[in-house]
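**Q**
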Amino acid sequence: MANQIPVSSTLRIDFETGLNEKGALVFKRRTFSNIKVEATADQLFSTAVAIASVQDYPMGEVTRVDTYSLIG
Numbered sequence: 029m030a031n032q033i034p035v036s037s038t039l040r041i042d043f044e045t046g047l048n049e050k051g052a053l054v055f056k057r058r059t060f061s062n063i064k065v066e067a068t069a070d071q072l073f074s075t076a077v078a079i080a081s082v083q084d085y086p087m088g089e090v091t092r093v094d095t096y097s098l099i100g
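This is the structure:
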């Protein structure tokens, strides 16, 4: 059976920057690498809220991307 070992985590925050000519929302994404793989969802969300509080645009989606190494 294969095992997975956490390698890295990335925090992505999408900000709503306005509307396009068709009226759909336009987003700008900020990516923060080298996040501790042990960080909890609550810790990452609190961090995203703190970062969003000093931005010009409202926060949209917050995403965590985890990378694993698979060992057989």
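Okay, so the sequence shown: first residue is 29 according to the numbering used here, each after it adds one. Even for Gly, the Cβ is constructed at its ideal location relative to N, Cα and C.
For Glu-49 versus Tyr-85, is the C-beta distance shorter than 7 Å?
**A** The count along the sequence shown starts at 1 and reaches residue 49 at position 21. The count along the sequence shown starts at 1 and reaches residue 85 at position 57. Their beta carbons are not under 7 Å apart, which means Glu-49 does not touch Tyr-85 by this criterion.
**Q** Which runs of the alpha helix (DSSP H) at least 4 residues long sit entirely within the stretch 56-86? Give them in chain order.
**A** You should have 69-80.
**Q** Using the rule of at least 16 other Cβ atoms within 10 Å of the residue's Cβ for burial, across every protein chain shown, is Ala-9 buried or exposed?
**A** Look at the range of the chain in this structure, 29 to 100, and you will see that residue 9 is not part of it.
**Q** Could you tell me the distance, in whole angstroms, from the CA atom of Gly-46 to the CA atom of Phe-73?
**A** Here residue 46 corresponds to residue number 18 of the sequence shown, with the count starting at 1. Here residue 73 corresponds to residue number 45 of the sequence shown, with the count starting at 1. Approximately 23 Å between the Cα atoms of the pair.
**Q** Give the single residue among Pro-34, Val-35, Arg-57 whose Cα lies nearest to the Cα of Gln-2.
**A** Here the chain comprises residues numbered 29 to 100, so residue 2 is not present and cannot be evaluated.
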